[in-house]
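Q: Numbering (our numbering), first residue to last: 58 to 419. Sharing a structure below in structure tokens format, with a few things to ask.
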Amino acid sequence: MPDEPADLSQQSIDRVVADALAAFAAAGTGAELKAARLAHSGEKSPLALANRAIGTLPGPERKDAGQRLGAARAGVQAALAAREAEIGAAELQQRLADERIDVTLPVELAPVGAPHPITALMELMEDVFVTMGWEIAEGPEAEGEWLNFDALNIGPDHPARGTTDTLFVAPVENHIVLRTHTSPVQIRTLLDRELPIYVVCPGKVYRADEFDATHVPVFHQIEGLCVDKGISLANLKGTLDHLARSMFGDDIETRMRPHYFPFTEPSAEVDLKCFVCHGESVGNPDRPCRTCKSQGWIEWGGCGVVNPRVLAACGIDTDVYSGFAFGMGIERTLMFRNNAADMRDMVEGDVRFSRSLKGMAR
Ligand code: PHE
Numbered sequence: 058m059p060d061e062p063a064d065l066s067q068q069s070i071d072r073v074v075a076d077a078l079a080a081f082a083a084a085g086t087g088a089e090l091k092a093a094r095l096a097h098s099g100e101k102s103p104l105a106l107a108n109r110a111i112g113t114l115p116g117p118e119r120k121d122a123g124q125r126l127g128a129a130r131a132g133v134q135a136a137l138a139a140r141e142a143e144i145g146a147a148e149l150q151q152r153l154a155d156e157r158i159d160v161t162l163p164v165e166l167a168p169v170g171a172p173h174p175i176t177a178l179m180e181l182m183e184d185v186f187v188t189m190g191w192e193i194a195e196g197p198e199a200e201g202e203w204l205n206f207d208a209l210n211i212g213p214d215h216p217a218r219g220t221t222d223t224l225f226v227a228p229v230e231n232h233i234v235l236r237t238h239t240s241p242v243q244i245r246t247l248l249d250r251e252l253p254i255y256v257v258c259p260g261k262v263y264r265a266d267e268f269d270a271t272h273v274p275v276f277h278q279i280e281g282l283c284v285d286k287g288i289s290l291a292n293l294k295g296t297l298d299h300l301a302r303s304m305f306g307d308d309i310e311t312r313m314r315p316h317y318f319p320f321t322e323p324s325a326e327v328d329l330k331c332f333v334c335h336g337e338s339v340g341n342p343d344r345p346c347r348t349c350k351s352q353g354w355i356e357w358g359g360c361g362v363v364n365p366r367v368l369a370a371c372g373i374d375t376d377v378y379s380g381f382a383f384g385m386g387i388e389r390t391l392m393f394r395n396n397a398a399d400m401r402d403m404v405e406g407d408v409r410f411s412r413s414l415k416g417m418a419r
């Protein structure tokens, strides 16, 4: 850094000014210009020192030197400001060029998820009932063994109650199971709600099953329960047909095939006419159908008239009230309705599966 000013002669001032202007012109960046500014117009620059030296001059010379130095300093300030503006503009241009983006390039949009098809279908099935004025009922997934079995007339020796079929919450002596069906919600509803009852109970259920293309240990059911005066099997059939048409279209055919459930009497399984062969594979070895195994029908769910023992256990007068119940798997319904062949797709959480069925609910 230049130190003492040689003198306050015009010649000396001109040289100091020329040095300053040359240094500003040579600075190519903001940082370089800052260094040049400190050196040539900062507090310790020759001009600042010269300015301080003015005070030591005798009166007449002082005025003259003050004017010449003032003009020199103004010139240096102006040159500095001009160079600052130039460098600032150049640096801005450089930044704009560096940060330039091509807005016409294709962008990768943040991937948008999709509602899980099981959730979407469950809501769609709920809607069918809500539209008819039914209510939704829910219950816990870790359920009392009594509510899951005994209250449904499933006796202590029933094979389904074994640990090979049912998942118990340890310790077993606490009699808590992961519910094996949504039917315990029937009992909760019968105990809690006023008659008449029209409810659907959607939810997760658990069974000690293998995990393969047609079994998952955790799946979903929707169960319906109606208890009112004068309810018969005909009401059940009409309700199931309405649900089937809402799910599979007006052409779907259903049938009820006698079956046994401890909590309904009579009981049936409800089948759908095979939507692949429409029954044409039956007795027709040339055209076998894998979907219905050439039976013409596929099982959809269970149903029946509520066993009066179940109603009585919940304190309901079975001379006045009767009811029906049904239940089916959501996964099964999705398989039939949307040709989802492999249940593993439904649990793996790959958004492509969800997206492939997106909008299927509407
Ligand atoms: N709870 C039965 C099951 O999970 C289905 C069912 C519900 C059957 C209601 C009859 C009445 O298999």
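Ideal Cβ positions, reconstructed from N, Cα and C, are used throughout, including at glycine.
1. With a Cβ-Cβ cutoff of 7 Å, do residue 403 and residue 357 count as a contact?
2. Does the stretch 369-384 come close enough to the stretch 280-289 that 3 or more CB-CB pairs lie under 8 Å?
3. Consult DSSP for residue 71 and reduce its assignment to one of helix, strand or coil.
4. Measuring straight from C-alpha to C-alpha, what distance separates residue 137 and residue 67?
5. For residue 261, which residues does DSSP report across the bridge?
6. May I ask you to list the residues that DSSP assigns as paired with residue 272?
7. Assuming the contact rule is C-beta atoms closer than 8 Å, residue 242 and residue 280 should be a hit. Round their C-beta distance to whole Å, please.
8. State the Cα-Cα distance for the pair residue 361 and residue 322, rounded to the nearest angstrom.
9. Quick check on residue 407: does DSSP put it in helix, strand or coil?
10. At the level of alpha carbons, what is the spacing between residue 118 and residue 144?
11. Excluding the five sequence neighbours on either side, which residues of its own chain have a C-beta within less than 8 Å of the C-beta of residue 302, listed in chain order?
12. Rounded to whole angstroms, what's the CA-CA distance from residue 337 to residue 353? Just pull it up for me.
13. Would you identify the three-state DSSP class for residue 373, choosing helix, strand or coil?
14. Rounded to whole angstroms, what is the Cα-Cα separation between residue 253 and residue 163?
15. If you reduce the DSSP assignment to three classes, tell me which class residue 305 lands in.
16. Would you say the beta carbon of residue 388 comes nearer than 6 Å to a heavy atom of ligand 1?
17. Cα separation between residue 300 and residue 182?
18. For residue 240, is the beta carbon positioned less than 6 Å from some heavy atom of ligand 1?
19. Enumerate in chain order the residues of its own chain whose CB-to-CB distance from residue 247 is below 6 Å, with the five nearest sequence positions on each side excluded.
20. Could you tell me whether the Cβ atoms of residue 412 and residue 171 are closer together than 7 Å?
21. Going by Cα to Cα distance, which pick from 267, 174, 203 is closest to residue 367?
22. Considering only C-alpha positions, which residue in the set 139, 274, 276 is nearest to residue 87?
23. Roughly how many whole angstroms lie between the Cα atoms of residue 141 and residue 115?
24. Please find out if some non-hydrogen atom of ligand 1 comes closer than 6 Å to the beta-carbon of residue 13.
25. Just to confirm, is the Cβ distance from residue 359 to residue 326 under 7 Å?
26. Among 129, 195, 313, 151, which has the Cα closest to the Cα of residue 108?
27. Provide the residue span of the beta strand (DSSP E) that contains residue 328, from first to last.
28. Go ahead and label residue 272 buried or exposed: buried means 16 or more other beta carbons lie within 10 angstroms of its beta carbon, across all protein chains shown.
29. Which whole-angstrom value describes the C-beta separation of residue 364 and residue 205, a residue pair presumed to lie in contact below a C-beta threshold of 8 Å?
30. Given this structure, state the Cα-to-Cα distance separating residue 83 from residue 161, to the nearest angstrom.
31. In this structure, does DSSP put residue 318 in helix, strand or coil?
32. Check the C-beta distance from residue 123 over to residue 111 and give it rounded, since I have them as a contact under 8 Å.
33. To the nearest angstrom, how far is the alpha carbon of residue 194 from that of residue 219?
A: To lay it out plainly:
1. No, these two residues do not count as a Cβ contact at 7 Å.
2. Yes, they touch.
3. Helix, per DSSP.
4. Between residue 137 and residue 67, the C-alpha separation is close to 21 Å.
5. Note: residue 261 sits in a beta bridge opposite 277.
6. Residue 272 is bridged to 269.
7. That pair is a contact at about 7 Å.
8. Cα-Cα distance, rounded: 6 Å.
9. Residue 407 falls in the coil class under three-state DSSP.
10. Distance between the alpha carbons of residue 118 and residue 144 is about 38 Å.
11. Excluding residues within five positions, the ones whose Cβ falls inside 8 Å are 309.
12. About 7 Å.
13. In this structure, residue 373 counts as coil in the three-state DSSP scheme.
14. Cα to Cα, residue 253 sits roughly 59 Å from residue 163.
15. In the structure shown, residue 305 sits in a helix (DSSP, three-state: H, G or I).
16. Checking the Cβ of residue 388 against ligand 1 gives no.
17. Cα to Cα, the separation comes out at about 8 Å.
18. The answer is yes for residue 240.
19. Excluding positions up to five away in sequence, the list reads 371.
20. Yes.
21. Of the candidates 267, 174, 203, the residue whose Cα lies closest to the Cα of residue 367 is 203.
22. Here the closest residue by C-alpha is 139.
23. In a straight line, the C-alpha of residue 141 is about 37 Å away from that of residue 115.
24. Nothing can be reported for residue 13: it is not among the residues displayed for the chain, which extend from 58 to 419.
25. At a Cβ-Cβ threshold of 7 Å, residue 359 and residue 326 count as neighbours.
26. Restricting attention to 129, 195, 313, 151, the CA atom closest to the CA of residue 108 is found in 129.
27. Here the beta strand (DSSP E) through residue 328 covers 321-330.
28. Burial is judged here by how many other beta carbons sit within 10 angstroms of a residue's own beta carbon; residue 272 has fewer than 16 and is exposed.
29. For residue 364 against residue 205, the beta-carbon gap comes to about 16 Å, at or over 8 Å, which does not count as contact.
30. Rounded to whole angstroms, the gap between the alpha carbons of residue 83 and residue 161 is 40 Å.
31. Three-state result, residue 318: strand.
32. Right, their Cβ atoms sit about 6 Å apart.
33. Taken atom to atom, the span from the alpha-carbon of residue 194 to that of residue 219 is near 27 Å.
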